[in-house]
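There are 2 protein chains.
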Amino acid sequence: MKEGETISIGGLKELLESKGVKPSYQRLRILEYIMKKNTHPSVDTIYKALYKKIPTLSKTTIYNTLSLFEKKRIVRSVTILDNELRYDFLKDPHAHFLCLECKEVYDIYLDSDLLYRDFIVGHRVNECHIHFRGICKNCLENAGRLEKIS
Amino acid sequence: MKEGETISIGGLKELLESKGVKPSYQRLRILEYIMKKNTHPSVDTIYKALYKKIPTLSKTTIYNTLSLFEKKRIVRSVTILDNELRYDFLKDPHAHFLCLECKEVYDIYLDSDLLYRDFIVGHRVNECHIHFRGICKNCLENAGRLEKIS
DNA sequence: TTCTCTGCAAACGCTTTGCACGGAT
DNA sequence: ATCCGTGCAAAGCGTTTGCAGAGAA
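Chains as they are written, first to last, in my numbering: chain P, 21 to 170; chain Y, 21 to 170.
Structural data, given as structure tokens:
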């Protein structure tokens, strides 16, 4: 998928099939959620969101589906928080920003050659993960507002 | 601690005191282990290593000690593997390399300005974490040897 | 029928919490 | 006596596994 390209919800079925994944109802809904939300959801977040529409949904299915997606290179797991897995729809290489205040994870598009290196000091590189931590724009602004009020 | 500077084991007590941490026997031993080993150990690794010398040692103490050290900015937790915490003695900013084969974590010293940015697209940056994943030098060489043999 | 997907329940493993003992001041 | 470090035991919580029923081919 090239930059700027969008995938219509109707194309989800074709996307799964092109990756060799049978497009079951649950899988389509989980993929749809990950693609529409850019929030790098946890299993629990996905579960809570989809549970309303699919009351029989099980977390096991979400775990199964996401590890299948990961194996088929449709999503990738983001290791930012140490206590839970977060998932990211596979777009162009990018970094992440974790807000320590609101726990939101933002995509950060960098122009760094680090993201594209094949070797580093003799080790063969398959993946490059970059993430920043701090206070996000929104929380900074909110903090500013609170100061003015008090 | 500046680059190139080394800390003698005898100086551990002073290091803890300078950070406002009472230098108990367990704390000294845990700090010593983290500083001597550059292997980014998990709690279990530390426990197994120190258990021989301190049979009464409890994992709770290691958890307590490490979170205290982290609060006092003596170590920092490395979020690379999602199923366990790894700890890193706080040196100059550096990146990590995780070998997917042997699970070893290597320090990588980079000359990237990413490590020193204060802001990124409006978010205030406190920390920058960079890690690569792949197959390390050693495992690559071993794989080569195996090929020759077979 | 056969194979795969789904999902309940239990197991698992790392981490945290509650609490009491004991040493230091 | 008080404070704080230590460590056992239990709880907590995200994830994985075992297995059986449902559904597709």
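C-beta atoms are modelled at their ideal positions from N, C-alpha and C, and glycine is treated no differently.
For P:P61, count the other beta carbons within 10 Å of its own beta carbon; 16 or more makes it buried, fewer makes it exposed. Which is it?
Buried, since its Cβ has 16 or more Cβ neighbours within 10 Å.
By DSSP, does Y:G154 sit in helix, in strand, or in coil?
Three-state result, Y:G154: strand.
Assign P:L36 to one of two classes, buried (16 or more other C-beta atoms within 10 Å of its C-beta) or exposed (fewer than that).
With 16 or more Cβ atoms within 10 Å of its Cβ, P:L36 is classed as buried.
Below 8 Å, can you find three or more Cβ-Cβ pairs linking the segment 119-126 of chain Y to the segment 89-97 of chain Y?
The segment 119-126 of chain Y is not in contact with the segment 89-97 of chain Y.
Closer than 8 Å to chain P by CB, Y:I100:
Answer yes: the Cβ-Cβ gap between Y:I100 and chain P drops below 8 Å somewhere.
Tell me where the beta strand (DSSP E) around Y:Y129 begins and ends.
It is not in any beta strand (DSSP E) - Y:Y129 carries neither H nor E in the DSSP assignment.
Span of the beta strand (DSSP E) holding P:R106?
From DSSP, the beta strand (DSSP E) with P:R106 extends over R106 to F109.
Would DSSP call Y:E140 helix, strand or coil?
It should be noted that the sequence gives Ile, not Glu, for residue 140 of chain Y. Three-state result, Y:I140: strand.
Interface residues of chain Y facing P:R153 [CB-CB closer than 9 Å]
Residues of chain Y whose Cβ lies closer than 9 Å to the Cβ of P:R153 are, in chain order, V145, N146, E147, C148 and H149.
Inspect the CB distances between the segment 101-119 of chain Y and the segment 146-162 of chain Y and report whether three or more fall short of 8 Å.
By the criterion of at least three beta-carbon pairs nearer than 8 Å, the segment 101-119 of chain Y is in contact with the segment 146-162 of chain Y.
Looking at Y:V95: is its Cβ nearer than 8 Å to the Cβ of Y:L77?
Not closer than 8 Å, so no.
Three-state class that DSSP yields for P:M21 in the structure shown:
Legend: pLDDT at P:M21 = 40, less than 50; position of this residue unreliable, value from coordinates given subsequently. DSSP places P:M21 in coil when its eight states are reduced to three.
Anything in chain P within Cβ reach of Y:C156, meaning under 9 Å, just list it in chain order.
Chain-order list of chain P residues neighbouring Y:C156: G142, H143 and R144, by C-beta distance under 9 Å.
P:N146 in three-state terms, based on DSSP
Looking at P:N146 - three-state DSSP - the assignment turns out to be strand.
Express the C-alpha separation of Y:H143 and P:C159 in angstroms, rounding to a whole number.
CA-to-CA, the gap between P:C159 and Y:H143 works out to about 9 Å.
Quick one: measure Cβ to Cβ for Y:Y83 and Y:V63, integer angstroms, because I've assumed they're closer than 8 Å.
Yes, they are in contact, since the Cβ atoms of Y:Y83 and Y:V63 sit about 6 Å apart, within 8 Å.
Would you call the CB atoms of P:L48 and P:L70 closer than 8 Å?
Cβ atoms of P:L48 and P:L70: not closer than 8 Å.
Given that a residue counts as buried once 16 or more other Cβ atoms are within 10 Å of its Cβ, and exposed if not, what is P:T80?
P:T80 is exposed by the Cβ-count criterion.
Look at the alpha carbon of P:S97 and the alpha carbon of P:T59, and state the distance between them as a whole number of angstroms.
If I take the Cα positions, the gap works out to 13 Å.
So, does the CB of Y:I128 fall closer than 8 Å to a CB anywhere in chain P?
At a cut-off of 8 Å between beta-carbon atoms, Y:I128 makes contact with chain P.
Report yes or no: is there a C-beta of chain Y within less than 8 Å of the C-beta of P:L105?
Chain Y contact via Cβ: present.
Where the alpha helix (DSSP H) containing P:V63 begins and where it ends:
Unbroken alpha helix (DSSP H) run through P:V63: V63 to Y71.
Look at the Cβ atom of P:Y107, then the Cβ atom of P:I54, and state whether they are nearer than 8 Å.
Yes, they are a contact pair.
Under the three-state reduction of DSSP, which class applies to P:R96: helix, strand or coil?
In the displayed model, P:R96 falls within a strand according to three-state DSSP.
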